[in-house]
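One structure is given here, and the rest of the page talks about it.
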Amino acid sequence: MKDRQDKKKVVDNIRKEIEDSKGTHIWSDYVNALKLISQGVFTGSSGFILELIQNAEDAGFGLGYPGVFEIKINKNRI
387 MKDRQDKKKV VDNIRKEIED SKGTHIWSDY VNALKLISQG VFTGSSGFIL ELIQNAEDAG
447 FGLGYPGVFE IKINKNRI
């Protein structure tokens, strides 16, 4: 379980760094990238979720043990 907690900590740290960059060019680049992805690549939220699941499956291929994939959705973020 420690490995999963370590990975969650990495993701949480990345999220914090992005949120802490509000008002900088990094934040504006991040927002623009999200808009581009959501408008150009994924025309619907289902397409985004399916692609995310496929990428997770591809990343875990050949590990020799089942992985864990968890998506939390609320009104503000996935």
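Those letters in the sequence shown? Residues 387 to 464, per the working numbering, in order. Virtual Cβ for every residue (Gly too), placed ideally from N, Cα, C.
For the pair I435 and Y416, the CB atoms are not nearer than the 7 Å cut-off. Annotated as proximal: F455 and A442, with beta-carbon spacing under 7 Å. If you look at S414, you'll find it in the alpha helix (DSSP H) that goes 411 to 422. Annotated three-state conformation of E456 is coil, per DSSP.
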